[in-house]
Structures are given as C-alpha cells and as structure tokens.
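Below: the structure, in structure tokens.
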Amino acid sequence: MFTIDTLFSMLSLTLIYATPILIASLGGLLSERSGVVNIALEGLMMIGGFAGATATVLLQDVFPVAVTPWVGVFIGMFFGALISVIHAYVSINLKADQVISGTAINLLAGGLTIYFAQIIFNQQRTETFRNGFVKTNIPFLREIPILGPIFFTNIYYTVFIGLALVVAVWYVVYKTPFGMRLRATGENPQAVASMGVSVLKMRYYGVILSGAFAGMAGAIMVLTQDTQYTGVSIHGTGFIALAALIFGKWNPWGVLGASTFFAFSQVFAIYANNFEWAQSFPLEVFKALPYVLTIIALIIFSNKSVGPKAAGEIYDVGKR
Numbered sequence: 412m413f414t415i416d417t418l419f420s421m422l423s424l425t426l427i428y429a430t431p432i433l434i435a436s437l438g439g440l441l442s443e444r445s446g447v448v449n450i451a452l453e454g455l456m457m458i459g460g461f462a463g464a465t466a467t468v469l470l471q472d473v474f475p476v477a478v479t480p481w482v483g484v485f486i487g488m489f490f491g492a493l494i495s496v497i498h499a500y501v502s503i504n505l506k507a508d509q510v511i512s513g514t515a516i517n518l519l520a521g522g523l524t525i526y527f528a529q530i531i532f533n534q535q536r537t538e539t540f541r542n543g544f545v546k547t548n549i550p551f552l553r554e555i556p557i558l559g560p561i562f563f564t565n566i567y568y569t570v571f572i573g574l575a576l577v578v579a580v581w582y583v584v585y586k587t588p589f590g591m592r593l594r595a596t597g598e599n600p601q602a603v604a605s606m607g608v609s610v611l612k613m614r615y616y617g618v619i620l621s622g623a624f625a626g627m628a629g630a631i632m633v634l635t636q637d638t639q640y641t642g643v644s645i646h647g648t649g650f651i652a653l654a655a656l657i658f659g660k661w662n663p664w665g666v667l668g669a670s671t672f673f674a675f676s677q678v679f680a681i682y683a684n685n686f687e688w689a690q691s692f693p694l695e696v697f698k699a700l701p702y703v704l705t706i707i708a709l710i711i712f713s714n715k716s717v718g719p720k721a722a723g724e725i726y727d728v729g730k731r
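Count along the sequence shown starting at 1, add 411, and that's the number in my numbering.
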C-alpha cells in the first residue's frame, strides 16, 4: 500500500542511490572539461569499490568502527586516481584514441579486481566487511516537515558529501582561475597554450581528478549498498554516470538533476509492488528501467547536448 511515508522513503533512498552516480559524473565533467573523454568511469568505480572494500576488511580491526569506511573511501580515491594516470598518459602523451583507452581500462578493471581478490581472499570477491557505512538520523533537523524525513532521517553522511561536491565543482569550474583554464583547455587548447598555460598539465589534472572522483563513488557505492565487493557490485553505474553527464549538459547542477532522475528509476523498481497498477507487470520490467532510460536519454540528448568543443580531440600544437 502506497502512503506518504512510502514516498518519503523512496525520495530518501533516491538520494542514497544518486550519490555514486553524481560523484562519478562530476569526475567525468572535470575530465571532459579539460578535453579528455573518460568512458573509463565504470572501470575506475570498480577499482575504487574493490580497493575500498578490501581496505575496510583488512583494517576493520585496526581503526574504530566509525572511521574504517572513511579510510576505505580515501583508499578507493587513491587507487582510482592512480589507475586514471594510465588513461591520461595513453590519451595525452601517446595521443591514442581516448575511447579505446577508456574501454581498455574498463576491461582491465574487471580482470584486475578479480585477480587481486583471488590473491588476497582466495576467492573471486572480497570477504564480507562488518564496518561499512551506517544510516543515521540527524537530531533536530529530522523534525523539519517534509525535508526532515527525506534528507535527515535514515540517511548516510555520504549523501551530503555528494551534494557538497556539486557546489564545490561548480565553484571551482566557474569561479576560479583554475576552472577557467580547465574549461578553456576543453574548448580551445591552442589558445590556452598561447597564454603560457600547459595544456598537458591541465588535462592531467582533469583526468586524475576524474579518477579520484570515480574511485570515491565506487567505494561509497560498495560500502553503502553491499556487504562485500563482487564482480557485479558496480553493475553499469559508471555508464549511467556518463549518461547523466550528457543529460546534465556538462553542468554540475544539470548533472545533479540527471543523477537524481536515474537513481529514482532504480528505486522505483524496488517499490514497484507498492503501486497497484504496477503489480500486473513482471518485476524484471522495472529492474531494466534504469538501463532503458539511460539508452533513451542518450538517444534523445546526445545530438542536442553540446559538450566541450575539443573533448576527444588529440592536442595538436601546430593546429590553428
């Protein structure tokens, strides 16, 4: 039976599901604003999820319960950034096709995480961790009508990190000299170079930041939605983040709206049985909904959205 409490619960869970999509998508924004297409978000999330889960399992008897998952997130960020250096080097220094490089990292991540899981845990997944993130109620704020049950009741603190990163990325990209150079590098790298700014460095910054963001997103996803990392823990969320980036038109606020939209479609599949009209449909229809919507959004908006002009182009010093 559908009630107002059910609606609040759906919206609260939407924020939780939107957080990994949002953070990975913001990482993709930073990379593509620098002129490097990064379709490796899925693989980088897998690396971050595996590193975060492994660190949590190995360190849960060392650090306090409340600290361990944050350490896992930090380590997920580190390894996400580290692997992204491969994409940066191949795309920028070797001038290889950025799509092929990203695809290679996605394939590499699947094998790499299973390989190290076998070495560390003697199985193709991590062991179950005890100290993942725990939902909490925010005192006083949970009493606010409407907003309290959605934002401050039974919620993870990671949701607020995702929302804070939207503001931070918007400020950095649109209000700081670094952000101005980053955007200019993705639009007209030759003009940026003529001003004495290193295009190579700006693109490295963009790609490595995107790796750190995707690694963080993967670790947060595993540590809030699973009890261990497996080969299907990320299950296409990195590709949904790419769709959110296009749907959101490479703008942090647009990305926030698109991520929430895709997350709600995932949550709807969980609550479908609460809707009388939906009970006649097979549950698989609603489970496929996020991926179907992703494809539809890409078809509709891929032609209408205009990304950075130089995104995906190899930097040619002599080009005018």
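Glycine residues also receive a C-beta, built at the ideal position from the N, C-alpha and C atoms. Computed from a predicted model, the values in this text were never measured in an experiment.
Answer with yes or no whether the minimum CB distance from I557 to chain D is below 9 Å. Looking at the structure shown, chain D is missing, and only one protein chain is on hand.
Between which two residues does the alpha helix (DSSP H) containing F544 stretch? Taking the sequence shown and counting its residues from 1, the one referred to as residue 544 is at position 133. Per DSSP, F544 belongs to no alpha helix (DSSP H) and is neither H nor E.
Check whether the region 562-569 and the region 422-435 touch, using three or more Cβ-Cβ pairs below 8 Å as the test. Two segments are said to touch when three or more pairs of C-beta atoms, one from each, lie closer than 8 Å; by this definition the region 562-569 touches the region 422-435.
Quick check: I503 and R614, are their CB atoms within less than 9 Å of each other? Locating residue 503 in the sequence shown gives position 92, where the first residue counts as 1. Locating residue 614 in the sequence shown gives position 203, where the first residue counts as 1. Cβ distance < 9 Å, so I503 and R614 count as in contact.
With a Cβ-Cβ cutoff of 9 Å, do E453 and T648 count as a contact? For the purposes of this step, residue 453 is taken as the residue at position 42 of the sequence shown. For the purposes of this step, residue 648 is taken as the residue at position 237 of the sequence shown. It is a contact, given that the beta carbons lie within the stated cut-off.
On the DSSP letters alone, give me the boundaries of the alpha helix (DSSP H) that K506 sits inside. Indexing the sequence shown from 1 puts residue 506 at position 95. Under the DSSP assignment, K506 falls outside any alpha helix (DSSP H); it carries neither an H nor an E label.
Assign M606 to buried or exposed, taking buried as 16 or more other Cβ atoms, counted over all protein chains shown, within 10 Å of its Cβ. On the sequence shown, position 195 is the one that residue 606 refers to. It is exposed - the Cβ of M606 has fewer than 16 other Cβ atoms within 10 Å.
Exposed or buried, Y428, counting other C-beta atoms within 10 Å across all chains shown (16 or more means buried)? Within the sequence shown, numbered from 1, the residue matching residue 428 stands at position 17. Buried: at least 16 other Cβ atoms inside 10 Å.
Check whether the region 491-509 and the region 556-563 touch, using three or more Cβ-Cβ pairs below 8 Å as the test. The region 491-509 makes no contact with the region 556-563; the number of CB pairs closer than 8 Å stays below 3.
Which same chain residues end up closer than 7 Å to V482 when comparing Cβ atoms and leaving out the 5 residues on each side of it in sequence? Taking the sequence shown and counting its residues from 1, one reaches residue 482 at position 71. Only A466, L470 and F474 meet the Cβ criterion.
Just the C-alpha distance for N542 and N599, rounded to the nearest angstrom, thanks. Translated into the one-based positions of the sequence shown, residue 542 becomes position 131. Translated into the one-based positions of the sequence shown, residue 599 becomes position 188. So the two alpha carbons sit approximately 47 Å from each other.
Thinking just about the alpha-carbon of each residue, which of A623, T638, F658 and F692 is nearest to the one in F485? If you number the sequence shown from 1, residue 485 lands on position 74. Of the listed residues, the one whose Cα sits closest to F485 is A623.
Alpha helix (DSSP H) segment containing S691, residue limits: One-based indexing of the sequence shown puts residue 691 at position 280. Counting along the chain, no alpha helix (DSSP H) covers S691, and no H or E run does either.
Among T671, T587 and Q639, nearest to Q535 - alpha-carbon criterion: Here residue 535 is taken as the residue at index 124 of the sequence shown, counted from 1. Checking every option, the nearest Cα to that of Q535 belongs to Q639.
Give the secondary structure of I619 by DSSP, where H, G and I count as helix, E and B as strand, and everything else as coil. Along the sequence shown, read from residue 1 onward, the residue named residue 619 stands at position 208. Three-state DSSP puts I619 in a helix.
Where in the region 561-609 do unbroken runs of the alpha helix (DSSP H), each at least 4 residues long, occur, reported from the N-terminal end onward? Entirely contained in the region 561-609, the alpha helix (DSSP H) runs reaching 4 residues are, in chain order, 569-586, 588-598 and 600-605.
Quick one: any contact between the region 652-666 and the region 677-694, if contact means 3 or more CB pairs under 8 Å? In this structure the region 652-666 does not lie against the region 677-694, because fewer than three pairs of beta carbons, one per stretch, are closer than 8 Å.
Mind checking which residues open and close the alpha helix (DSSP H) that includes D416? Along the sequence shown, read from residue 1 onward, the residue named residue 416 stands at position 5. In the DSSP annotation of this structure, the continuous segment of the alpha helix (DSSP H) that includes D416 starts and ends at I415 to R444.
If I'm right that V478 touches E538 with Cβ under 8 Å, what's the distance once you round it to whole angstroms? As a working mapping, residue 478 is identified with position 67 in the sequence shown. As a working mapping, residue 538 is identified with position 127 in the sequence shown. Not confirmed; about 19 Å, so no contact.
Going by alpha carbons, who is nearest to S609 out of S512, A595, L523 and G459? Start at 1 with the first residue of the sequence shown, and residue 609 comes out as number 198. Considering only S512, A595, L523 and G459, the residue with the shortest C-alpha distance to S609 is A595.
Exposed or buried, which one is A551 when buried takes at least 16 other CB atoms within 10 Å? Here residue 551 corresponds to residue number 140 of the sequence shown, with the count starting at 1. In the sequence as presented, Ala is not what sits at residue 551; that position holds Phe. The C-beta of F551 has fewer than 16 other C-beta atoms within 10 Å across all chains shown, which makes the residue exposed.
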